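In order, the protein sequence lines correspond to chains A and B. Going by numbering that gives the first Met the number 0, the first residue of the first sequence is number 0, and it counts up by one from there. Going by numbering that gives the first Met the number 0, the first residue of the second sequence is number 0, and it counts up by one from there. Even glycine gets a Cβ: it sits at the ideal position worked out from N, Cα and C. As the structure is a computational prediction, the values presented were derived from the model and not from experiment.
2 protein chains.
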Amino acid sequence: MNQTYTISDLAREFDVTPRTIRYYEAEGLISPSRDGQRRIYTARDRARLSLVLRGKRLGFSLAEAKEIIDLYSAPQGEAFQLRTLLDKLDAKRALLEDKRRDLDAAISNMDRYAERCRERLRDLEDVNAEAAE
Amino acid sequence: MNQTYTISDLAREFDVTPRTIRYYEAEGLISPSRDGQRRIYTARDRARLSLVLRGKRLGFSLAEAKEIIDLYSAPQGEAFQLRTLLDKLDAKRALLEDKRRDLDAAISNMDRYAERCRERLRDLEDVNAEAAE
DNA sequence: TCACTAGTTTACGTTAACGTAAACGTCAAA
DNA sequence: TTTGACGTTTACGTTAACGTAAACTAGTGA
């Protein structure tokens, strides 16, 4: 439950360098605690790192990733805070949906093209079969 | 049908600078023809630019975008070429599917979190309603 | 003819996101 | 006790993807 990780634990698991993880800390994306001078990462730190890397894979800058991830750590004391949080979540969700539209278009585009290639390949093979008779 | 575009036509339409479009040409992503020294962009050039920008939005580097886009202009003469093309398309398609999994996870993650926020907000408002009686 | 608008090349500048190297601390095994 | 293995800070280096500025060309309306 209260498992912790060293910097190289996380570096290995997520296939990044320790430098990268320290850089994310300098940019305010992760805030590990310390044992003396050594960093100690909790499950929460690990989860945040995971979110950062996923954000990067989806084409977000570190600043954009931070904006999104920070929403998950936002205070939720009063109703007003909750409502503005929900508004912000909605805005970020719209960005993700935009990406999904792009992605779906890219995939179906590629699928249509591949299908045309397969048709053309069948035609070619038919011709070869005839020639072999 | 045979419509052409100037560099600033495309810059306006896709909300990038002419510099960006020239840079993509220098990187081999677009190859407009020329009228004297001025660039002339065809519908095909426009389509390639559109693909580049979509690739960027999805987190691909220009080099990765080029790899994908170039598949759409690959020669399809012989059956062997078509088969290797289909293999490459399949590999790129897998990359897109990876991104879709990431994206779907990000969205449903956010949805679950937002739902918890809404529940919490309802609870708060119930308490306020009781206190108002 | 002149000014304007839009295009061009060339080249140096900039920013995000790290890489890399140096110099140092610390702890366990040999 | 020394030698790795791992961690740290500091600081300069690097790359992709453009931005920016200068100096030039070519059509075009007043």
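Output the boundary residues of the alpha helix (DSSP H) element that contains residue i.
{"i": "residue 7/B", "result": "6-13"}
{"i": "residue 57/A", "result": "Note, residue 57/A: premise wrong, no alpha helix (DSSP H); not H, not E."}
{"i": "residue 19/B", "result": "17-25"}
Pull up the distance between the alpha-carbon of residue i and that of residue j, whole angstroms please.
{"i": "residue 116/A", "j": "residue 110/A", "result": "10 angstroms"}
{"i": "residue 41/A", "j": "residue 56/B", "result": "32 angstroms"}
{"i": "residue 61/A", "j": "residue 54/A", "result": "8 angstroms"}
{"i": "residue 75/A", "j": "residue 26/B", "result": "48 angstroms"}
{"i": "residue 136/B", "j": "residue 92/A", "result": "What is shown of chain B runs 0 to 132, which leaves residue 136/B out entirely."}
{"i": "residue 84/B", "j": "residue 59/B", "result": "20 angstroms"}
{"i": "residue 43/A", "j": "residue 17/A", "result": "18 angstroms"}
{"i": "residue 130/A", "j": "residue 124/A", "result": "10 angstroms"}
{"i": "residue 120/B", "j": "residue 72/A", "result": "16 angstroms"}
{"i": "residue 20/A", "j": "residue 3/A", "result": "15 angstroms"}
Which of the three DSSP states, helix, strand or coil, is assigned to residue i?
{"i": "residue 32/B", "result": "strand"}
{"i": "residue 71/B", "result": "coil"}
Give a yes or no on whether 8 angstroms exceeds the smallest Cβ distance from residue i to chain A.
{"i": "residue 101/B", "result": "yes"}
{"i": "residue 64/B", "result": "no"}
{"i": "residue 105/B", "result": "yes"}
{"i": "residue 35/B", "result": "no"}
{"i": "residue 53/B", "result": "yes"}
{"i": "residue 40/B", "result": "no"}
{"i": "residue 98/B", "result": "yes"}
{"i": "residue 75/B", "result": "yes"}
{"i": "residue 61/B", "result": "no"}
{"i": "residue 152/B", "result": "The structure shown does not extend to residue 152/B, since chain B is modelled only from 0 to 132, so the question has no answer here."}
{"i": "residue 118/B", "result": "no"}
{"i": "residue 81/B", "result": "yes"}
{"i": "residue 58/B", "result": "yes"}
Considering only their Cβ atoms, is the gap separating residue j from residue i smaller than 8 angstroms?
{"i": "residue 13/A", "j": "residue 52/A", "result": "yes"}
{"i": "residue 102/A", "j": "residue 98/B", "result": "yes"}
{"i": "residue 70/B", "j": "residue 45/B", "result": "no"}
{"i": "residue 68/A", "j": "residue 50/A", "result": "yes"}
{"i": "residue 113/A", "j": "residue 28/B", "result": "no"}
{"i": "residue 95/A", "j": "residue 105/B", "result": "yes"}
Could one say the Cβ of residue i lies closer than 8 angstroms to chain B's Cβ atoms, at least one of them?
{"i": "residue 11/A", "result": "no"}
{"i": "residue 91/A", "result": "yes"}
{"i": "residue 43/A", "result": "no"}
{"i": "residue 131/A", "result": "no"}
{"i": "residue 112/A", "result": "yes"}
{"i": "residue 71/A", "result": "yes"}
{"i": "residue 24/A", "result": "no"}
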